[in-house]
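Novice: Quick one: this structure, given as structure tokens, is what I'll be asking you about.
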Amino acid sequence: MEIFLGTPITGIINTNLSNPLEMETKSRIKEMLSDLRSYGHNVFCALEEEEFGRKVADSMECTLRDYSLLKQSNVYITFPNNSYGCAVELGWASAHSIPIVLGINSRIGSKTPLYEGLHAIGSPVHVIYYNSENEFPDKLEWSEILKYIEKNIFVGYKL
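Each residue of the sequence shown is one higher than the one before, starting from 119 at the first, in my numbering.
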């Protein structure tokens with residue numbers, strides 16, 4: 119399965135620092151990538167591709183790359199929080215009828231009610247709420263989300 123993991127980038131990195139991304143956030147994202155790959159799936163994450171803020175792509179490069187890879191994906195898993203980039207990717211996934219797993223941090227809320235309403239126009243959308251002080255789910259929350267993904271997305275998919 120081809121998985122596109124969407125995360126905020128510009129809202130969570132500081133390119134003026136030698137370590138542009140907080141270590142806890144970086145560790146959580148790396149754990150999510152590792153767990154998804156442990157099932158044998160190919161996973162693309164722009165934040166990883168851009169070396170967690172050390173090699174940020176320009177607007178043309180990231181737009182063309184991300185759109186092309188998202189169109190080839192079997193599922194779009196995202197934790198958009200306050201990301202405009204993830205909002206664009208959600209639109210692309212919806213337009214191409216790519217199943218969406220939408221993780222919403224209850225502490226941040228949804229950027230727009232349009233996120234939860236995407237299913238009304240035909241895209242399969244799985245909205246999962248979590249409650250984390252960090253941008254991303256903690257280890258226990260991620261474990262529960264992964265179980266949901268395994269049961270509802272991976273089931274029946276042959277590698």
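Every residue, glycine too, gets a C-beta built ideally from N, C-alpha and C.
Roughly how many angstroms lie between the CA atoms of Ser191 and Pro242, to the nearest whole one?
Specialist: What you label residue 191 is simply residue 73 of the sequence shown in a count that begins at 1. What you label residue 242 is simply residue 124 of the sequence shown in a count that begins at 1. Looking at the two C-alpha atoms, the distance is approximately 14 Å.
Novice: Excluding the 5 residues flanking Ile226 on each side, which residues of the same chain have their C-beta closer than 6 Å to its C-beta?
Specialist: Locating residue 226 in the sequence shown gives position 108, where the first residue counts as 1. Same-chain partners within the cutoff: Asn199.
Novice: Do the segment 238-258 and the segment 171-191 touch if we need at least three Cβ pairs shorter than 8 Å?
Specialist: At 8 Å Cβ cutoff, the stretches do not touch.
Novice: Which first and last residues belong to the beta strand (DSSP E) in which Tyr233 is found?
Specialist: Walking along the sequence shown from the start, residue 233 turns up at place 115. From DSSP, Tyr233 is part of no beta strand (DSSP E) but of the alpha helix (DSSP H) over Pro231 to Gly235.
Novice: For the segment 197-214 against the segment 230-238, do three or more pairs of beta-carbon atoms, one drawn from each stretch, fall closer than 8 Å, so that the two count as touching?
Specialist: Counting Cβ pairs under 8 Å, three or more are found: they touch.
Novice: In whole angstroms, what is the alpha-carbon distance linking Glu168 and Asn132?
Specialist: Position 50 of the sequence shown, counted from the first residue, corresponds to residue 168. Position 14 of the sequence shown, counted from the first residue, corresponds to residue 132. If I take the Cα positions, the gap works out to 13 Å.
Novice: Give me the Cβ distance between Phe162 and Leu123, rounded to the nearest whole Å; I'm assuming they're in contact under 8 Å.
Specialist: The residue you call residue 162 lines up with position 44 of the sequence shown. The residue you call residue 123 lines up with position 5 of the sequence shown. Rounded, the Cβ-Cβ distance is 7 Å, consistent with contact.
Novice: Report the rounded CA-to-CA distance for Trp260 versus Met150, giving the unit in angstroms.
Specialist: Residue numbering aside, residue 260 sits at position 142 when the sequence shown is read from its first letter. Residue numbering aside, residue 150 sits at position 32 when the sequence shown is read from its first letter. Looking at the two C-alpha atoms, the distance is approximately 8 Å.
Novice: Is the CB-CB distance between Ile121 and Ile216 below 8 Å?
Specialist: Numbered from 1 along the sequence shown, position 3 holds the residue referred to as residue 121. Numbered from 1 along the sequence shown, position 98 holds the residue referred to as residue 216. Going by C-beta atoms, Ile121 is not nearer than 8 Å to Ile216.
Novice: Can you list, in chain order, the residues of its chain whose CB lies under 6 Å from that of Arg155, leaving out five sequence neighbours each side?
Specialist: Here residue 155 is taken as the residue at index 37 of the sequence shown, counted from 1. Val161, listed in sequence order.
Novice: So the beta strand (DSSP E) Glu120 belongs to, where does it begin and stop?
Specialist: Numbered from 1 along the sequence shown, position 2 holds the residue referred to as residue 120. Looking at the DSSP string, the run of the beta strand (DSSP E) that includes Glu120 is Glu120 to Gly124.
Novice: So, helix, strand or coil for Gly209, using DSSP?
Specialist: The residue you call residue 209 lines up with position 91 of the sequence shown. If DSSP states are grouped into helix, strand and coil, Gly209 belongs with the helices.
Novice: Can the beta-carbon of Thr143 be found closer than 8 Å to that of Asn223?
Specialist: Within the sequence shown, residue 143 is the residue found at index 25, counting from 1. Within the sequence shown, residue 223 is the residue found at index 105, counting from 1. Not a contact, by the Cβ cut-off of 8 Å.
Novice: I need the straight-line Cα distance from Ser201 to Tyr266, nearest angstrom please.
Specialist: By 1-based counting over the sequence shown, the position of residue 201 is 83. By 1-based counting over the sequence shown, the position of residue 266 is 148. So the two alpha carbons sit approximately 23 Å from each other.
Novice: Can you tell me whether Arg146 is buried or exposed? The criterion is at least 16 other CB atoms within 10 Å of its CB, across all chains shown.
Specialist: Within the sequence shown, numbered from 1, the residue matching residue 146 stands at position 28. Buried, since its Cβ has 16 or more Cβ neighbours within 10 Å.
Novice: Kindly indicate the opening and closing residues of the alpha helix (DSSP H) around Thr181.
Specialist: As a working note, residue 181 is residue 63 in the sequence shown. Ser177 to Lys189 is the extent of the alpha helix (DSSP H) around Thr181.
Novice: In three-state DSSP terms, what is Glu196?
Specialist: Residue mapping note: residue 196 aligns to position 78 of the sequence shown, counting from 1. This sequence places Thr at residue 196; Glu is not what is there. Here Thr196 sits in strand by DSSP.
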